[in-house]
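Have a look at the structure below before the remarks.
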Amino acid sequence: MISPGMSRLIGMLPDSLIKFLANKLLYGYIRKYANIKVNGRENLNGIQKPMLFICNHLSNSDALVLNTAFKDQDLAFVAGVKLTGNVLTNLGMHITKTINIKPNAADKDAISNVVKHLKAGNNVLIFPEGTRSRTGGMIEAKKGIVLIQRLSKATVIPVGMSGTDKLLPINDKDMALEDFSHADVTVNIGKPVLIPPKGKEEDRREYDDRVLSIMMKSIAELLPESYRGVYR
Numbered sequence: 009m010i011s012p013g014m015s016r017l018i019g020m021l022p023d024s025l026i027k028f029l030a031n032k033l034l035y036g037y038i039r040k041y042a043n044i045k046v047n048g049r050e051n052l053n054g055i056q057k058p059m060l061f062i063c064n065h066l067s068n069s070d071a072l073v074l075n076t077a078f079k080d081q082d083l084a085f086v087a088g089v090k091l092t093g094n095v096l097t098n099l100g101m102h103i104t105k106t107i108n109i110k111p112n113a114a115d116k117d118a119i120s121n122v123v124k125h126l127k128a129g130n131n132v133l134i135f136p137e138g139t140r141s142r143t144g145g146m147i148e149a150k151k152g153i154v155l156i157q158r159l160s161k162a163t164v165i166p167v168g169m170s171g172t173d174k175l176l177p178i179n180d181k182d183m184a185l186e187d188f189s190h191a192d193v194t195v196n197i198g199k200p201v202l203i204p205p206k207g208k209e210e211d212r213r214e215y216d217d218r219v220l221s222i223m224m225k226s227i228a229e230l231l232p233e234s235y236r237g238v239y240r
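Throughout the sequence shown, residue numbering follows the numbering used here, covering 9 to 240 in sequence.
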């Protein structure tokens, strides 16, 4: 991995050079350590932009893997602002389009930016859980994804990913100590999620809960049983 001294040196370079080095370093790690298999590309045939991709979240390598798997989709990733403080993730944000959001907060400005990006005809990928799973199994999602879809009218595409928890395991003591290992990574792309209409007797909260459950279960269906967590 990148040493603290190397990271400080890289941080002093011009942005264009940081981007060049980040591409070489990080995608070099992905090519060396990740055996990536992508299934379900045919489910994107005929789907017009904007597409709102939703995926389970396992590792700081997730965006790199997904950017490789969806290199023809020109994705923007919604990422927590705290990631800019970590060497690896900060470099990753130099080579992926990102829309920053404050974790565990009602970040109205960020949500507005995501909606604007989608309405402009661009694709976005969000990890609805809001943080990486520490067990590998899916955890409760945040409701912001429901609001984003409602306001943008984007087509929701579920993605189930497994193996990145082994590719770059979480180190809760210090993200800078996380290290790559050889791993098989599977990315399963599902069919567009059908968003049901609100029932006449259903209040907004009940409806949002139902839509969120539908979205998250569409991801869980694309995962091995051991990764489904609360959506098993």
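Even glycine gets a Cβ: it sits at the ideal position worked out from N, Cα and C. Note that this is a predicted model, so its numbers are computed, not measured.
Residue span of the alpha helix (DSSP H) that contains residue i, given as start and end
| i | result |
| --- | --- |
| threonine 76 | 70-77 |
| lysine 225 | 212-228 |
Terminal residues of the beta strand (DSSP E) in which residue i lies
| i | result |
| --- | --- |
| isoleucine 26 | Counting along the chain, isoleucine 26 falls outside any beta strand (DSSP E), though it belongs to the alpha helix (DSSP H) covering 23-41. |
| threonine 194 | 191-197 |
| leucine 133 | 132-134 |
| leucine 60 | 59-63 |
| valine 86 | 84-88 |
Beta-carbon proximity of residue i to residue j, cut-off 7 Å
| i | j | result |
| --- | --- | --- |
| serine 226 | proline 136 | no |
| valine 193 | threonine 172 | yes |
| leucine 231 | serine 170 | yes |
| methionine 146 | asparagine 47 | no |
| glutamine 157 | leucine 74 | no |
| isoleucine 119 | methionine 223 | no |
Beta-carbon separation (whole angstroms), residue i vs residue j, contact threshold 8 Å
| i | j | result |
| --- | --- | --- |
| leucine 83 | asparagine 43 | The pair is not a contact, with the Cβ atoms about 21 Å apart (cut-off 8 Å). |
| valine 154 | leucine 220 | 5 Å |
| phenylalanine 188 | leucine 202 | With 8 Å as the limit, phenylalanine 188 and leucine 202 do not qualify as a contact, their Cβ atoms being about 38 Å apart. |
| isoleucine 55 | valine 86 | In fact, because the Cβ distance is near 20 Å, the residues do not count as touching under 8 Å. |
| isoleucine 109 | arginine 140 | So it is not a contact: roughly 15 Å between Cβ atoms. |
| methionine 183 | asparagine 53 | Not really, about 37 Å apart at Cβ, beyond 8 Å. |
Sequence-distant residues of the same chain with beta carbon closer than 7 Å to residue i, five excluded per side
| i | result |
| --- | --- |
| lysine 8 | Missing from the structure shown is residue 8; the chain here goes from 9 to 240 and no further. |
| asparagine 51 | Ile197, Gly198 and Lys199 |
| tyrosine 41 | Leu175, Phe188, Ser189, His190 and Ala191 |
Cutoff 8 Å; reference residue i; Cβ partners in own chain excluding five residues on either side
| i | result |
| --- | --- |
| arginine 236 | Gly145, Met146 and Ala228 |
In chain order, which continuous runs of the alpha helix (DSSP H) of length 4 or greater are located wholly inside the stretch 103-181?
116-127, 152-160 and 172-175
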